[in-house]
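Remarks on the structure that follows.
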Amino acid sequence: MLCINFVPAEDSAAAAVALRNSSLAMQLCLNQVTIVFNLETMFLYSVHIVVPSATKFKVWSYQNILHFSKNRYKQMNNQAPSNFHDVGGDYIDLTATDSEEEWQRGSGETFGSVVKDRNRSIIPSNFRTWEPITEKKIASDGCYPRNLKWKKRSKLLYDEIVNLGPDILCLQEVQATHLNTFFSKFENIGYHGVFKQKTGNKFDGCAIYFKKSLFDMVDCLNVEFLQPQVPILNRDNIGLMVKLVPRSSPNCPFIVATTHLLYNPKRTDVRLAQIQVFLAEIDRFAYDNNSKESGHLPIILTGDLNSTPDSAVIQLLDNGRVSTSTFHDNSDWQKIGVTNKCQHLSVHLKRGTGQNVADCNTVKLYNSDYSLTVSSKDYDEESSQEEYSKLFNSNVLEHQLPLTSVYKKIKSDGQLEATTFQDFWITVDYIYFSRHRHLNLLERLRLPTAAECQALGRLPNDVYGSDHLALGAVFELKPFKCSL
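Residue numbers for the sequence shown follow the numbering used here, beginning at 857 and rising by one.
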């Protein structure tokens, strides 16, 4: 789940000091945060935004909207820090010169309480809302049956979200049948949401909610990873992204994207193919060709990628390239026009001419929500020419987006961070942001190590309605002008 909180400020530096002095370590800013969930695992991300001369925002990623009580923390071993922010830990001030400064919470707060004066944050979240969880899962996960009931979990989740008060909420694995019950509550408290259901009659999907009082949605795009012309793209996973503008700064659009990739641990090849398509769509959707300085808008990418830090998917995101020689994908990617650069060939060819390449009719991807995409004779001839064949099906996959992970994934002492339990505690949930001159990462919410997570037991439980931990970060969005 991703939650974004946006707040205008007269002075960003003063705002930062005020936040640091207001026991912010507990939870993200509350008044202007948007949250996105993954209904399967309840992962939450939170982004805090402040828009003055610069906009600051917190990004919180929460895979299951989990919060620890003070008593619960006492049960953790000596390795557990005493001042966790929610399930993760304290905010780390990345602007500190010599060492990482922890953003401490006030001593009077209890774990799980909310500081009411916070106005800025983004929270990505992934949480399971489905009810059909089998006895086999109960036994394997070690969860009590009562904690898997949606009636109980939904209350924990809703209370968590309301307490966080996100400006932007990103959700994965949202059950469609809950839109008119559970999620309609967010409409009643000032949020507007968009939802994309998985293909193939699956009952869940991804959603993004944002506060109508703070943002206007300029555009929205959903992505279907099921592409009939490409055999490896045969799964029903989807992605969703929105282009938002702060109402207080309407010339500063930015992109929020969320996705939930295939789970099957043995199919890294499928996840690589899915992220290749998703990055191509982000590249197209985020590109601004109308202003004096053309280029990509600020991007925040969140989601349950079902990929560990050493996987090919994360190597691609972290390093901008990865070898695919071991995956033996014989699919003909020219049929959908997505190159090894994670770009649409049509976009690549037209971008330099100043043409509008954001329209879905300029690409060859299939999408059941749109009319049949353009497959013109001219474009087919272009994509089949010998000079372009080298852009498809090589042994190296690359992307052109300047993405950076909010988290290091490995602590300075070598211990691994963790966001969920899958046979063992691992990281599969991420927040990435573009190294944009107008978007800076200021702080992040500390994640626990895998060793620290052992004291938690299986999730969800009597306290936490989700089975993923929260991620969070504070960004600064500097003013810039863009012609939308």
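Where is the CB? At the ideal position from N, CA and C, for every residue including glycine.
Here the structure is a predicted model, which means the values were calculated and not measured.
Quick one: give me the first and last residue of the alpha helix (DSSP H) that residue i is part of.
i        : result
Leu-1205 : 1201 to 1206
Lys-1041 : 1040 to 1044
Val-1219 : Taken as a continuous stretch (DSSP letters only), Val-1219 belongs to no alpha helix (DSSP H), as it is neither H nor E.
Val-1169 : 1168 to 1175
Check this for me: beta carbons of residue i and residue j, under 8 Å apart or not?
i        : j        : result
Lys-1265 : Thr-1283 : yes
Ile-1156 : Phe-1071 : no
Leu-1198 : Asp-1139 : Checking the sequence shown, residue 1198 turns out to be Cys, not Leu. Yes, the pair counts as a contact, with Cβ atoms nearer than the cut-off.
Val-1126 : Leu-1118 : yes
Asn-1175 : Val-1252 : no
Leu-1025 : His-1152 : no
Val-1112 : Val-1074 : no
Ala-1307 : Gln-1278 : no
Cys-1076 : Leu-1027 : no
Whose C-alpha, out of the options, is nearest the C-alpha of residue i?
i        : options                                   : result
Arg-1381 : Leu-1257, Glu-1243, Asp-1323 and Leu-1089 : With the chain covering only 857 through 1340, there is no way to say anything about residue 1381.
Leu-1297 : Tyr-1263, Arg-1103 and Leu-1303           : Tyr-1263
Val-1086 : Leu-1272, Asn-1249 and Pro-1304           : Asn-1249
Pro-1109 : Tyr-1143, Val-1133, Thr-1115 and Tyr-1065 : Tyr-1143
Phe-1039 : Gly-1056, Phe-1059, Lys-1058 and Ser-1010 : Ser-1010
Asn-1093 : Leu-1327, Pro-1165 and Gly-1056           : Gly-1056
Tyr-1244 : Leu-1327, His-1204 and Pro-1001           : His-1204
Phe-1059 : Leu-1172, Thr-1114 and His-1034           : His-1034
Asn-1078 : Arg-1103, His-1048 and Thr-1115           : Thr-1115
Using a Cβ-Cβ cut-off of 6 Å (strictly less than) and excluding sequence neighbours within five positions of residue i, which residues of its own chain qualify?
i        : result
Ile-989  : Caution is warranted here: a pLDDT of 37 is assigned to Ile-989, below 50, making its placement in the model unreliable, and the coordinate value is therefore given only provisionally. Within the same chain, Ile-989 has close Cβ partners Leu-1004.
Ile-1170 : Ser-1163
When the Cα atoms are used, what is the spatial distance from residue i to residue j?
i        : j        : result
Leu-1247 : Ile-1192 : 13 Å
Asn-1120 : Ala-1168 : 14 Å
Gly-1159 : Lys-1206 : 30 Å
Val-1219 : Cys-1309 : 44 Å
Tyr-1320 : Gly-1313 : 11 Å
Ser-1322 : Ala-1274 : 14 Å
Glu-1254 : Gln-1132 : 9 Å
Gln-1031 : Lys-1052 : 10 Å
Ala-1329 : Ser-1261 : 11 Å
Arg-1091 : Pro-1084 : 10 Å
Ser-1105 : His-1294 : 13 Å
Ile-1287 : Leu-1327 : 8 Å
Leu-1221 : Phe-1141 : 14 Å
Pro-1335 : Leu-1201 : 32 Å
Tyr-1000 : Thr-1182 : 41 Å
Pro-1154 : His-1292 : 6 Å
Ile-994  : Arg-1177 : Because the pLDDT of Ile-994 is 42, which lies under 50, any placement of that residue in the model is unreliable, and the question is left without a value.
His-1050 : Tyr-1065 : First, the residue type needs correcting, since residue 1050 is Val and not His in the sequence shown. Cα-Cα distance, rounded: 6 Å.
Trp-1281 : Leu-1096 : 27 Å
Thr-1209 : Glu-1137 : 19 Å
Ser-1224 : Lys-1054 : 11 Å
Return the first residue and the last residue of the beta strand (DSSP E) that residue i is part of.
i        : result
Asn-1296 : 1295 to 1301
Phe-1141 : Element bounds for Phe-1141: not the beta strand (DSSP E) but the alpha helix (DSSP H), 1124 to 1141.
Val-1074 : 1071 to 1080
Near residue i, what residues of its chain come up, given a Cβ to Cβ distance below 8 Å and the 5 sequence neighbours on each side ignored?
i        : result
Gly-1046 : Lys-1067, Lys-1068 and Ser-1069
Ala-1129 : Phe-1081, Val-1086, Ile-1088, Leu-1089, Asp-1185 and Ser-1187
Val-1018 : Ile-1045
Asp-954  : Here the model assigns Asp-954 a pLDDT of 33, short of 50, so the residue's position is not dependable and the matter cannot be decided.
Take residue i and list the residues in its own chain whose beta-carbon comes closer than 7 Å to its own, dropping the five residues that flank it on each side.
i        : result
Lys-1267 : Glu-1273 and Thr-1305
Lys-1041 : Tyr-1014
Any heavy atom of the ligand FMN closer than 7 Å to the beta-carbon of residue i?
i        : result
His-1324 : With respect to the ligand FMN, the structure shown offers nothing to examine, as it has no ligands at all.
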